[in-house]
Structure formats: C-alpha cells, structure tokens
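Under our numbering, the first residue of the sequence shown is numbered 370, with each subsequent residue one higher.
Structure first, then comments.
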Amino acid sequence: MGIKPQIPKMDAIVVGSGPNGLAAAIRLAQAGWSVAVVEGAATAGGGVRSGEVTLPGFVHDICSSVYPMVACSPFLSTLPLEQHGLDWVFPPAPAAHPLDDGTAALLHHSLEETAAGLGRDSVGYRNLFEDLVANWKELFASALVPIRIPRKPFLMASFGLRAIRSVRAIAHAYFRTERARGLFAGIGAHSMLPLEKLSTAASPLLLAVAGHAAGWPFVRGGSQQLTNAMISYLKSLGGQVTTGTPIDSLDELPPTRAVLLDITPRQFLKIAGSRLPAVYRSKLERFRYGMGSFKIDWALREPVPWTAQDCRLAGTVHLGGTLDEISDSERKAWNGTVSERPYVLFAQPSLFDSSRAPAGKHTAWAYCHVPNGYTGTAVDQIEAQVERFAPGFRECILARSVMGPRELEQHNPNLIGGDIGGGAVTLEQLFLRPTASLHRTPVKGIYLCSSSTPPAPGVHGMCGYFAAQAVLRDQDQG
C-alpha cells in the first residue's frame, strides 16, 4: 500500500493515541523531536475515552475511569496537564468493600483511618503498608520501571518480598478477619489473575499505597478530558495528532527516524508482515492474553441504594464478599467459565462529579472478569451482585449499555478478547514483556510502547515513557 498523505513526515511517528502512545510522543517532543501521533479511531484516547452511550446528557467512561496510577506516575504527574484543562475529582474515600452483614470496609486516604476500620486487623494493615506509604514516591519511581538495579535497593527488597507472593498468601499472613481479607482481595482482583498465583500481591500493594498517597481520582467531565489535556500539552510542544487513520501495514508510514507502536503483539504481527525474524515472531505468537472483561454502563434515576451507607463515600466499590468468593470468581474466569457470583468492580463517578448526568440523575458502570473472548452474557450476574449489596438497584436503572469482550475489542483493538491489560501479567510476563528485548524490536527504528511492554498495565504512561527513552538512547549511540 502507498503512503497515506494525511500522515505528516516527522522525526517520529507514534501509532495509537492511548495514554502510553501520548506519553511516548510527549517525551520525544520534550527532547526536541517533531512527533506525529496517528490514531485509527475517529476519537483519540484508546482506553481513555468517554461518551454518551446510554441516554443524552449521561457521560460514561467507556473503558478506564479511575486513575490512581496517573497521580503517582513518575512521568505523568510531572506534566502540566492542569494547565491544559485537566481537573481531578477525589471522592472522600478511594474504595469501599461492602459485606453481607450490611457494613463496608473502606480504603481511606488516611492509612490510620483505614487500619482503625479493620478492628483487630489494624496492626496487620499497618505492618503491611506503613513503610511503603511513608516512601511512596521512591516506591513508584523504582516499581514503575523495566527490570534494573533499583535506586532504593532496601525499599525494593522489602516491597519485592511481599509483592512476589500471592494475594491469598498475603491476606492470610497479615489478616485474621474476613473484613480485612475481603478488602485486600477486592483490590487484589485488579490484577486479573487467580489470586493464588505468585506476584498477584504486587497490584493491590501499589494500588492501596496510591490510595493513601494520592487517592483514586476521576477526571471531571469524563476520562476524555485526560486525553484532551495530554494532546493539548503535546501540541504546545509542536506535536500533531491525526485521527481516523488506521494503519494496516508499516509500509503505509512515511520515512522517519523512529516508529513507536502503542499496540499489542498480535497487532504488531499483523502490520509488520514479513519484516519480523522467525524467532521473534514465534515469541510474540506465544504471548498470552489475560482474562476478558464484561462491562455495563448505567444511566440511573437516583443514587445506588447501598445497604452500607459508607459506600456512598467511595468512587470505586468492590463487590464480591469474602476472599474465598473472590478467589473462586477469578479462578473460574481464568479457567474458562463465569462465576454465578462474580467479582464486580463498580464505579459511581456522578456522586462526585455532577457534570456526568442531568440534575438529580446519575451514572455508574461495572465490569466482571470473564474468559478471554467470551461470547455469552453476564448482565444478570453483575446486576445480581449489585442488588445483593444495594437492594432496589434494578429499579433505579433508566438505561444500560452492554459491552462484552467482542464489543470492547471492536471499540479498541488493543483489548484483545476483552483483555484490558495488554496481556496477562503472570510472573513470566511481568518483567520480560512481551520478549526479553522489551520495547525494542528486531526491525531498526521500530519500537513497542503499549501496556504489553514494561513496567506493567495501568494508566501511568510509563510504558510509553520508557519506549521513548529507548529511542533517545539508541539515537545517541548512533
């Protein structure tokens, strides 16, 4: 195919406008490179987009919505995005975990307040988190990097000894009550892995620390505003963004010093064609994608009627009851079935951002984990879990939008089979991601910068940042 005329010739071209693609473009633009971002969809943002998917006037975050890792990102937190229209909304509590006894365990901004709410597990909670929270900036600066000798070796050794363990092992080692174990399991299920797998504890440790250090904020007006702020800042540095331009082959791109691809290995195999050596191609073909997501967005006539009133303080609510119940749900999804009582991640941004819905009305969304590529429905299971902790919830629904794995992938091709993490973060895919060459590929001048590369999935921009750093180092070395 010939060169598409709408793609400008620049020092670097970034394919994909998700947060990692934009972070890569910004870093190169900061270094004085001319950069063009090329996006296949009509709207930039990848998984950071919002829109009216239920009823007019109801703004929904179509994929990602809650951003603890942006606030703690060693790169994104340094950008002047507030000067480009970004406005964070911080709920009073980052997360809640309702229980069947009508109460809820809360992840508060305050570590002490969180610990106090866990009763006889307060000491265990402090023992697990105090040193990490006290050194959170150093922790994130050392954790959100590709594998290397850490700048704070003793801190990272202490973190690593906990992070390498499973969620279940940590829950049993530090907590005695179902209240504390459930709270930790609810945060731990963000890992999208069975909770008995090694290294699953890393995700809840970082997320809980982020909650204490910076909170779990939403973006006022919808997640699209985060994308818009990043684009505005990129343009202030001279960068350009072109939408509605899908790239089906690397041959469609004009000559440039570097191409950075915010795509997953399966897509790279497709657009690179015969350029990839057989050994590297084989490694990409073995890359494992993770569990899929089944997501519902709701337009609501009134707030969710939680039995535990403390849930109204939290932007994010984890539904699943006990550690064992959540473990069973995640294990089933990993092994190819869907639990009748799935772990449900629920968010209610309109409680704290009135711009999301007409006066007096509300928005909410939830997803559960399903097998990758799942073609069935989970609407009844998800809504039953909400109803379990908020009787009368179904009567609040004005409209719903349903997106299973197939629809999520149609919306964003990076979500292979509904996997929102760009690949399973198993122990073997945590550090050497997607291969030992990390962001670099065997094709000169071609780099990967998506969440399929280190350091890990999540909206923190560090995958894109380190890909850009690799480009700059390679150019310096000639």
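A virtual CB, placed ideally from N, CA and C, is assigned to each residue, including glycine.
Keep in mind the model is a prediction, meaning the values are calculated, not measured.
Assignment of Ala540 by DSSP, reduced to helix, strand and coil, places it in the helix class. The criterion of a C-beta distance shorter than 8 angstroms is satisfied by Ala579 and Pro437.
Here Ser618 is exposed: its Cβ has fewer than 16 other Cβ atoms, across all protein chains shown, within 10 Å.
For Gln609, the beta-bridge partners assigned by DSSP are Ala405.
With 16 or more other Cβ atoms inside 10 Å of its own Cβ, Val713 counts as buried.
A residue is called buried when at least 16 other Cβ atoms come within 10 angstroms of its Cβ; Glu764 does not meet this threshold and is exposed. Straight across, the Cα-Cα distance linking Phe800 with Ala392 is about 20 angstroms.
Where Trp505 is concerned, the enclosing alpha helix (DSSP H) starts and stops at Trp505 to Ala512.
A Cβ-Cβ distance of about 4 angstroms is found for the pair Phe715 and Val686, placing them in contact under the 8 angstroms criterion. Within the same chain, and ignoring the five residues on either side of Asn496 in sequence, the residues whose Cβ sits closer than 7 angstroms to its Cβ are Tyr543.
With a beta-carbon spacing of about 7 angstroms, Met831 and Pro443 fall inside the 8 angstroms limit used to define contacts.
Listed in chain order, the alpha helix (DSSP H) elements of length 4 or more contained wholly in the segment 447-488 are 480-485.
With respect to His429, Asp722 sits apart: the two C-beta atoms are not nearer than 8 angstroms. A contact is defined here as three or more CB-CB pairs under 8 angstroms, and the segment 594-606 fails this definition with respect to the segment 461-472. Ala393 sits in a helix when the DSSP states are folded into three classes. With respect to the C-alpha of Thr472, the residue from Ala571, Asp679, Asp380 and Ala733 having the closest C-alpha is Asp679. Annotated as distal: Leu807 and Thr795, with beta-carbon spacing of 8 angstroms or more. Relative to the Cα of Glu451, the nearest Cα in the group Ala582, Leu397, Leu574 and Gln594 belongs to Gln594. Scanning the segment 635-659 from its first residue to its last, the whole alpha helix (DSSP H) runs of 4-plus residues come out as 647-654. The C-beta distance from Gly426 to Ala726 rounds to 7 angstroms, short enough to fall under 8 angstroms. For Cys737, the three-state secondary structure derived from DSSP is strand. Put simply, of Leu524, Trp585, Glu421 and Leu552 the residue whose alpha carbon is nearest the alpha carbon of Ala474 is Leu552. Taking a cut-off of 8 angstroms on C-beta distances, the segment 564-580 touches the segment 525-541, as three or more cross pairs fall below it. Taking the CA atoms as reference points, Gly814 sits about 16 angstroms from Tyr649. Per DSSP, Arg769 is one residue of the beta strand (DSSP E) stretching across Ile766 to Met772. Secondary-structure assignment with DSSP links Leu796 through no beta bridge to anything. Contact between the segment 605-614 and the segment 739-751 is absent, with fewer than three C-beta pairs closer than 8 angstroms. Fewer than three Cβ pairs drawn from the segment 475-485 and the segment 635-644 lie within less than 8 angstroms of each other, which leaves the two stretches out of contact. For Lys664, DSSP records a beta bridge to Tyr736 and Met772. In the displayed model, Ser419 falls within a strand according to three-state DSSP. Residue burial annotation: Asp845 is exposed, with fewer than 16 other C-beta atoms found within 10 angstroms of its C-beta.
By the neighbour-count criterion, in which a residue is buried when 16 or more other Cβ atoms sit within 10 angstroms of its Cβ, His731 is buried.
No Cβ-Cβ contact shorter than 8 angstroms links Leu630 with Ala793.
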